[in-house]
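Trainee: Taken in order, these protein sequences are the chains called A and B. Every number in my numbering is 1 more than the matching position in the first sequence, counting from 1. Every number in my numbering is 1 more than the matching position in the second sequence, counting from 1. Glycine included, C-beta positions come from ideal geometry on N, C-alpha and C. The model shown is predicted, which means the values in this text are computed figures rather than measured ones.
There are 2 protein chains.
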Amino acid sequence: METLSDIGEDSLIQRLVADLPQLPSVIVGPGDDCAVVKGTTEGHHLLLKTDAVVEGVHFLRDAPPHLIGRKALARAISDIGAMGGIPLHALVTLVLPADLDVAFVGGLYQGMRELADEFGVSIVGGETTRGLQIVISVTLTGEVEADRQVLRSTAREGDAIMVTGRLGGSIKGHHFTFRPRLQEARWLAQYHWPNAMMDLSDGLGKDLLRLAAASGLDFVIEPGALPCNAGCTAAQAWGDGEDYELLFMIADETELMSDWAQSFPEVSLTKIGNMVATGQGSVPDFASTGWDPFVKDGGSA
Amino acid sequence: METLSDIGEDSLIQRLVADLPQLPSVIVGPGDDCAVVKGTTEGHHLLLKTDAVVEGVHFLRDAPPHLIGRKALARAISDIGAMGGIPLHALVTLVLPADLDVAFVGGLYQGMRELADEFGVSIVGGETTRGLQIVISVTLTGEVEADRQVLRSTAREGDAIMVTGRLGGSIKGHHFTFRPRLQEARWLAQYHWPNAMMDLSDGLGKDLLRLAAASGLDFVIEPGALPCNAGCTAAQAWGDGEDYELLFMIADETELMSDWAQSFPEVSLTKIGNMVATGQGSVPDFASTGWDPFVKDGGSA
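#1: Going along chain B in order, which residues have a C-beta closer than 7 Å to the C-beta of Thr42(A)?
#2: Which word fits Ser123(A), buried or exposed, when buried means at least 16 other C-beta atoms lie within 10 angstroms of its C-beta?
#3: Could you list which residues in chain B have their beta carbon closer than 9 Å to that of Ala99(A), in chain order?
#4: Give the single residue among Ile69(A), Gln184(A), Thr4(A) and Thr234(A) whose Cα lies nearest to the Cα of His313(A).
#5: Using DSSP's beta-bridge definition, name the partner residues of Met276(A).
#6: Could you work out which residues of chain A lie near Glu128(B), taking near to mean beta carbons separated by less than 8 Å?
#7: Nearest to Val37(B) by alpha carbon, out of Gly44(A), Ala64(A), Ala91(A) and Ala19(A)?
#8: Does the beta carbon of Gln134(A) come closer than 9 Å to any beta carbon on chain B?
#9: Less than 9 Å between CB atoms is the rule here; does Leu89(B) satisfy it with respect to chain A?
#10: Answer with buried or exposed for Asp34(B), where buried requires no fewer than 16 other C-beta atoms within 10 angstroms of its C-beta.
#11: Quick one, which residues of the segment 170-183 of chain B are near chain A if we go by CB-CB under 9 Å, in chain order?
#12: Under a three-way DSSP split, which group does Asp244(B) fall into?
#13: Exposed or buried, which one is Leu61(A) when buried takes at least 16 other CB atoms within 10 Å?
#14: In the DSSP assignment, the alpha helix (DSSP H) including Val37(A) goes from what residue to what residue?
#15: Distance, Cα to Cα, Gly85(A) vs Gly127(B)?
#16: How far does the alpha helix (DSSP H) with Lys72(B) in it extend, from its first residue to its last?
#17: Taking the alpha helix (DSSP H) that Ser12(A) falls in, what are its first and last residues?
#18: Under the criterion of a Cβ to heavy atom distance below 8 Å, does Gly217(B) qualify as lining the ligand GDP?
#19: Can you tell me whether Asp100(A) is buried or exposed? The criterion is at least 16 other CB atoms within 10 Å of its CB, across all chains shown.
#20: Thinking just about the alpha-carbon of each residue, which of Leu13(B), Pro65(B), Ala190(B) and Pro98(B) is nearest to the one in Asp148(B)?
#21: Alpha carbons only, please: which of Met258(B), Leu141(B) and Ala104(B) is nearest the one belonging to Arg16(A)?
#22: Excluding the 5 residues flanking Thr142(B) on each side, which residues of the same chain have their C-beta closer than 7 Å to its C-beta?
#23: My output table needs one value for Ser171(B): the three-state DSSP class, helix, strand or coil.
#24: Suppose the cutoff is 6 Å on Cβ atoms and the five residues either side in sequence are ignored; what does the same chain contact list for Arg76(B) look like?
#25: Under three-state DSSP, which class holds Ser123(B)?
#26: Quick one: residues in its chain with C-beta nearer than 8 Å to the C-beta of Leu13(B), no 5 flanking neighbours on either side, listed in chain order?
#27: Quick check on Glu10(B) - is its C-beta less than 9 Å from some C-beta in chain A?
#28: DSSP three-state label for Phe249(B), please.
#29: Is DSSP giving Leu92(B) helix, strand or coil here?
#30: Give a yes or no on whether the minimum CB-CB distance between Arg131(A) and chain B is below 9 Å.
#31: Give me whichever residues DSSP pairs with Ala53(B) in a beta bridge.
#32: First and last residue of the alpha helix (DSSP H) that includes Ala186(A)?
#33: Since Tyr245(A) and Asp293(A) are thought to touch, with beta carbons under 8 Å apart, how far apart are those beta carbons, to the nearest angstrom?
#34: Under the assumption that Ala238(B) contacts Pro228(B) (Cβ atoms under 8 Å), give the Cβ distance between them as a whole number of angstroms.
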């Protein structure tokens, strides 16, 4: 018998979604930060994202419940942003042990409500059911101007590889308190439309590999250029998950860098390498290759 | 400490969604079969539904995986139908134990894919993560003509209460093999637009109470009129969950009954009572009041 821990998440998803039939209304199906479909206001596409956090995997029950709820929604907002879009409507599914304190569940929801208010999101429905562990599954819709959406699959050879903020060590707290880079992503889509973009959820090393594969390219990274959080090594910046920073590609970063510094003086922006043709790339020699939910310890450093 | 099993599902949801702020684009927020929002093709509304099935609650692991996957999607299609709409795009979140057989997961997906094909649904994305038990969370979008949507909250005093098919005993197999009443619901919305409609998922007794509460009415049921499945008592037809039949209200059922018999000769349609003003109703004297995920044995008969 072949188990999920034998093959890992990416291989599983590849098998599941192979040859999935798609309606003509589907612009981008499985494989990007969000699905993109026709059918929202004139000149816009509808974005669809679903994301789940699981007790024992993404959080522990002794964490403050409002931070757990906040995180569940923040992850989905981050993905809508990574397409260049704005979030609109959320559906929230709660799987909850029957002996859970009602006040704890109220806390979960309060964290989501506060973040929803902050980002202009309406929680329009959801469902609750019983389970052995807490699972919060959030679906979020959004919209993006049809000529401004940013995919993973459209990076070009020679593009500069850019990363916002600093990476690594998210487990110390950032994974609960991060503010989705929605404003920054919208600004990029409007003023310096990147060739490709995604948010960093499973670690730079793993996510960059995914984006490069989607674009049919390789990459060259300058390990010394990685923007590391205080106390983190470059290997951690490369391998740790849950940074929720933006990873994007742009042909020429010169003008962007000065505009960015004026618009977001408190958020660093770093060029970490370049996209290159297949076979011309090199993977930095770090021990870790990112986080996988099905592999023990996630393969993380 | 007050636990979820103390207060039950309906009370929990009421507390969570009280005073949820809603964007102007939200037409129907929490509380109906689906949320309804603006922003799809001209003259239509967008429907948003999320629904989860959990191992040990909605299915056991020794069930055929394709039936488990089929059920997860079928439940959501049933809800889109109950609004008078057609389903469009699905997102699928799988929470899976790491030691699960890859072939089992393939079976889950195969069951969903086949039903998606049958109902013209595209699976456009999703996510997989690790957990202690299998959870399949499906989000489904749909659309409905803006002048044809059918809510729970718009039943009128005097309406006939109608039920499709036969009720009770779903646990014997129907809960896996039911065909969502999408075609029937669309036909109703087009030709005999009901005043109110929902699908029966938690048992007639519980779901009718919800619809009546949403409409600000009571009801009178003729217990002898309940369409019971073979081998089921009226109490089971009233209390058992997972029928996935349509419950709807219409001012005069006479013309409908003859049209229905011609269009759907193999599906029974039964008048089971009438909606009445608050304080004029009576709840049948059955032991059971439907299924609740947080209450031991679900309160079910």
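Mentor: On the basis of the coordinates in this document:
#1: Gly40
#2: buried
#3: Thr4, Leu5, Ser6, Pro294, Phe295, Val296 and Lys297
#4: Because residue 313(A) is not part of the residues shown, which for chain A are 2 to 302, the question remains open.
#5: Phe220(A)
#6: Thr51, Asp52 and Ala53
#7: Ala91(A)
#8: yes
#9: yes
#10: buried
#11: none
#12: coil
#13: exposed
#14: Premise fails: Val37(A) lies in the beta strand (DSSP E), Ala36 to Val38, not in any alpha helix (DSSP H).
#15: 19 Å
#16: Pro66 to Ala83
#17: Leu5 to Val18
#18: This structure lacks the ligand GDP; in fact it carries no ligand of any kind.
#19: exposed
#20: Ala190(B)
#21: Ala104(B)
#22: Leu47, Leu48, Leu49, Leu89 and His90
#23: helix
#24: Asp52
#25: strand
#26: Leu5 and Phe295
#27: yes
#28: strand
#29: strand
#30: yes
#31: Ser138(B)
#32: Leu183 to Tyr192
#33: The pair is not a contact, with the Cβ atoms about 18 Å apart (cut-off 8 Å).
#34: 7 Å
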